[in-house]
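Chains as they are written, first to last, in the numbering used here: chain A, 20 to 293; chain B, 33 to 341.
Glycine is no exception: its CB is placed at the ideal position from the N, C-alpha and C atoms.
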Amino acid sequence: MRITLDKPIAYTAIIALSLVMLFPFTWMLSSSLKPFSEIFAGNSFLPEQPTLANYQSLFEQNNAVLKLWNSFYIAAAATAISVFLCALGGYAFAKFRFPGRGLLFSLMLASMALPFAVVMVPLFVMMRNVFHWIDTPWPLIIPGAANAFGIFFMRQYMLSVPDEMLDAARVDGASEFRIFWRIVLPTSVPGLISLSIIFFMSSWNNFLWPLAILHSDSMQTVPVMLNSLQGPPGRTAFDVLMAGSVVSVLPMLVIFLILQRRLVAGITSGAIKG
Amino acid sequence: MIRDISQDLGFTRTRPRWRRELWRHRWPLLFISPFFVLFAVFNVYPIGFSFWLSLHDWPGLGPMDFVGLTNYAELGRDSIFWSSMLNALILFFIYVPLMTFLAVVIAAVLNSRFLKLQGLWRTLIFVPNITSMVAAGYTFRLILDKDSGALNHALAILHVSAVPWLDDVWWARISLGLLMIWAWLGYNTVLMLGGLQTIPPELVEAAKVDGATAIQAFWRITVPLLRPMILFAVTISIIGTFSMFTEPYILTRGGPIRATETPVFQIFNTTFQDLRFGYAAAESYVYFAIIVAITLFQFWGLSRRDPVN
């Protein structure tokens, strides 16, 4: 009797929760198809006069293709460089014994607790006065190129690469970099994919640092563009904003639905420390 | 040892010991060097530079005005900065306990395979986490709008009068908490699911055979064994709450009357609106010290109450 009663309650709860989680997405999509006046009339869930005018305005007046491209190439470059350097570092910590290894590893782990905001102000000054990188993509690619989380993550993954395989290659006279490139990387593909998704998504959705760095309209990434659509108080162009929000969420949604197993595996193995 | 010294003094043509060691381990050292070089240039150096900056008055351009510890003295009396710290603390208590509790419960239910389609539910709960917080923040602003928002429309059908979600000090904080729970519940659930997979299911089964109800088994077995993961998740949430920027910047613009301004929000405004770089650097330092203190305190507190000891 108890079991027959528990299950419907549990199903009701989980379905209700899922609907709550999905509701903002559906509202975003439906609002993006509504004319401005209808968004604030707020009478119906579905648009009464569906229109693509918001998307048209987004792409024609706000140059959204360029901003999508900016977001994409910055995220792609940052991901490629970071994943490569993290794999290299992770491999060294997983498979080599060298003096100072424990100390360097602890130092690296401790650096993970450093919030970005602590270095934001001096880093901004450096980017402007020393590197002259304001309004360029470099500050979004280089400073985070080899990060502690990624190295730790790849180390956990590469601990399971069999030593015999590496030693056999050494006996055959392969150089250390060649071993990394031809043996270690190919056997770590699932881990590389997990880390790539995590890096790509965090770069794509990043807001604070791009907001500080990217000033001119043509350099904006998608989140910075959305912020600039805000306008003065009370004049926010919510119609175009919702179209822009859909455009910014959609690519991540597609990546997530295809590769979610790898992303979830990445989050879990990053948290369960070895 | 003696031979090594003679080598160091250059009596033989072999390189000194430390250089030989370096050469012997050149590959791993080379492989980890990108991290440590970037860490030195973009973390260690800025932290030092930041201290020097915090001793100056500087609008970001032109000559820097040395003022000693004046910025820190002013910061001690700066009620806006300290209320941003308090806001973060309040926000933490508004959403983190509830979110963590829900994450443990949902993970326990999903893990028990009590429900079918486990993967589907996990996906649906997780999906907000991949969303741009700028996009989500604007959408929440529409949904939570006092006059035309979907939520108040729905409440009106239930004859509940309009709630000032974004226009009242406490409701705005709750709204921010709702956005955070929406965005991070799935992430925390996935963490807890990972933790649960390290617990042998026989333990819970054995307790049930001994007559424990599902709820007793949950509190007496699942929760204590999940303690390390809960500690990890709460620590992440603390740092996340104090580092929150995009959510209040988009959803509430820090308002009403600064009730949802967070420390990072303050640092950002001090830097890019007030153009007080030295003062912002001092704020960053105090902010960092407080985060470190809270994290250490929390580890200490939770490890002390460990029921196993």
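DSSP state of residue i mapped onto helix, strand, coil
{"i": "His185(B)", "result": "helix"}
{"i": "Phe277(B)", "result": "coil"}
{"i": "Asp154(A)", "result": "coil"}
{"i": "Gln75(A)", "result": "helix"}
{"i": "Arg16(A)", "result": "Given that chain A is displayed from residue 20 to residue 293, the structure contains no residue 16(A) and the question cannot be resolved."}
{"i": "Ala165(A)", "result": "coil"}
{"i": "Met33(B)", "result": "Residue placement at Met33(B) cannot be trusted, given a pLDDT of 43 that sits under 50; the coordinates are not used to answer."}
{"i": "Pro69(A)", "result": "coil"}
{"i": "Gln330(B)", "result": "helix"}
{"i": "Ile299(B)", "result": "helix"}
{"i": "Gly227(B)", "result": "helix"}
{"i": "Phe226(A)", "result": "coil"}
{"i": "Lys292(A)", "result": "Because the pLDDT at Lys292(A) is just 45, under 50, the model does not fix this residue reliably, and the value given afterwards should be weighed accordingly. DSSP places Lys292(A) in coil when its eight states are reduced to three."}
{"i": "Gln175(A)", "result": "helix"}
{"i": "Pro205(A)", "result": "helix"}
{"i": "Pro66(B)", "result": "helix"}
{"i": "Arg290(B)", "result": "coil"}
{"i": "Asn82(A)", "result": "coil"}
{"i": "Gly42(B)", "result": "Low local confidence applies: a pLDDT of 48 at Gly42(B) is under 50, so the model's placement there is unreliable, and no value is given."}
{"i": "Thr45(A)", "result": "helix"}
{"i": "Ser116(B)", "result": "helix"}
{"i": "Gly263(A)", "result": "helix"}
{"i": "Val180(A)", "result": "coil"}
{"i": "Gly250(A)", "result": "coil"}
{"i": "Gly285(A)", "result": "helix"}
{"i": "Ile33(A)", "result": "helix"}
{"i": "Ala64(A)", "result": "In the sequence on display, residue 64(A) carries Phe and not Ala. Coil."}
{"i": "Thr221(B)", "result": "helix"}
{"i": "Leu233(A)", "result": "coil"}
{"i": "Leu123(B)", "result": "helix"}
{"i": "Pro60(B)", "result": "helix"}
{"i": "Ser320(A)", "result": "With chain A covering only 20 through 293, there is no way to say anything about residue 320(A)."}
{"i": "Leu307(B)", "result": "coil"}
{"i": "Asp110(B)", "result": "coil"}
{"i": "Ser82(B)", "result": "helix"}
{"i": "Arg285(B)", "result": "coil"}
{"i": "Ser194(A)", "result": "coil"}
{"i": "Gln279(A)", "result": "helix"}
{"i": "Ala215(B)", "result": "helix"}
Cβ-Cβ separation, residue j to residue i (assumed contact under 8 Å), whole Å
{"i": "Lys114(A)", "j": "Asp258(A)", "result": "Contact doesn't hold; Cβ gap of about 55 Å is too wide."}
{"i": "Val73(B)", "j": "Val255(B)", "result": "The pair is not a contact, with the Cβ atoms about 44 Å apart (cut-off 8 Å)."}
{"i": "Gly5(A)", "j": "Phe63(B)", "result": "Residue 5(A) is absent from the model: chain A starts at 20 and stops at 293."}
{"i": "Val102(A)", "j": "Ser264(A)", "result": "At roughly 28 Å, the Cβ-Cβ gap does not stay under 8 Å, so Val102(A) and Ser264(A) are not in contact."}
{"i": "Phe331(B)", "j": "Met127(A)", "result": "19 Å between Cβ atoms; not a contact."}
{"i": "Phe297(B)", "j": "Ser82(B)", "result": "About 18 Å separates the two Cβ atoms, so there is no contact after all."}
{"i": "Ile271(B)", "j": "Gly209(B)", "result": "About 17 Å separates the two Cβ atoms, so there is no contact after all."}
{"i": "Gly169(B)", "j": "Leu211(B)", "result": "7 Å"}
{"i": "Ala204(B)", "j": "Pro160(B)", "result": "That belief does not hold up - the Cβ atoms of Ala204(B) and Pro160(B) are roughly 20 Å apart, past 8 Å."}
{"i": "Pro158(A)", "j": "Ile232(A)", "result": "5 Å"}
{"i": "Phe98(B)", "j": "Val140(A)", "result": "Wrong, their Cβ atoms sit about 17 Å apart, outside the cutoff."}
{"i": "Met261(A)", "j": "Ser63(A)", "result": "That pair is no contact at about 15 Å."}
{"i": "Leu107(B)", "j": "Val318(B)", "result": "6 Å"}
Per DSSP, the bridge partner or partners of residue i
{"i": "Asp25(A)", "result": "In DSSP, Asp25(A) forms no bridge with anything."}
{"i": "Ser89(B)", "result": "For the record, residue 89(B) in the displayed sequence is Asp; it is not Ser. Asp97(B)."}
Chain D contact for residue i (CB, 8 Å cutoff)
{"i": "Tyr319(B)", "result": "Of the chains in the structure shown, none is chain D; the protein chains are A and B."}
Task: Within the region 84–139 of chain A, ranges of the alpha helix (DSSP H) (whole runs, at least 4 residues) - done: Within the region 84–139 of chain A, the complete alpha helix (DSSP H) runs of at least 4 residues are 120–130.
Task: Residues of the region 55–71 of chain A with Cβ closer than 8 Å to any Cβ of chain B, in chain order - done: Legend: CB atoms of the region 55–71 of chain A lying less than 8 Å from CB atoms of chain B belong to residues Ile58, Phe59, Ala60, Gly61, Phe64.
Task: alpha helix (DSSP H) segments (min. 4 residues) lying fully within the region 136–208 of chain B - done: Taking only runs of at least 4 residues, the alpha helix (DSSP H) segments lying wholly in the region 136–208 of chain B are 150–158, 165–175, 182–189.
Open item on the list: Please identify, using Cβ separations under 7 Å, the residues of the region 74–102 of chain B that lie next to chain A, in order along the chain.
Closed with: Listed in sequence order: Phe74, Asn75, Pro78, Ile79, Phe81, Ser82, Leu85.
- [ ] Identify every run of the alpha helix (DSSP H) within the region 229–274 of chain B, keeping only runs that are complete inside it and at least 4 residues long; order them along the chain.
- [x] 233–241, 246–249, 255–274
Open item on the list: Residues of the region 281–306 of chain B in Cβ contact with chain A at a cutoff of 9 Å, in chain order, please.
Closed with: Tyr281, Ile282, Arg285, Pro295, Val296, Ile299, Phe300, Thr302, Thr303, Phe304
TODO: With 7 Å as the limit, tell me which residues of the region 146–164 of chain A have their beta carbon closer than that to any beta carbon of chain B; keep them in chain order.
DONE: Pro162, Ala164
- [ ] Check each residue of the region 216–233 of chain B: if its Cβ is closer than 9 Å to any Cβ of chain A, include it; give the result in chain order.
- [x] Leu217, Gly218, Tyr219, Val222, Leu223, Leu225, Gly226, Gly227, Gln229, Thr230
Task: Residues of the region 23–52 of chain A with Cβ closer than 9 Å to any Cβ of chain B, in chain order - done: Asp25, Lys26, Ala29, Tyr30, Ala32, Ile33, Ile34, Leu36, Ser37, Leu38, Val39, Met40, Leu41, Phe42, Pro43, Phe44, Trp46, Met47, Ser50
- [ ] Using a Cβ-Cβ cut-off of less than 7 Å, give me the residues of the region 206–232 of chain A that come near chain B, in sequence order.
- [x] Listed in sequence order: Met220, Asn224, Phe226, Leu227, Ala231.
Task: Contact residues within the region 53–64 of chain B, judged by C-beta distance below 7 Å to chain A - done: The residues in question are Glu53, His57, Trp59, Pro60, Leu61, Phe63, Ile64.
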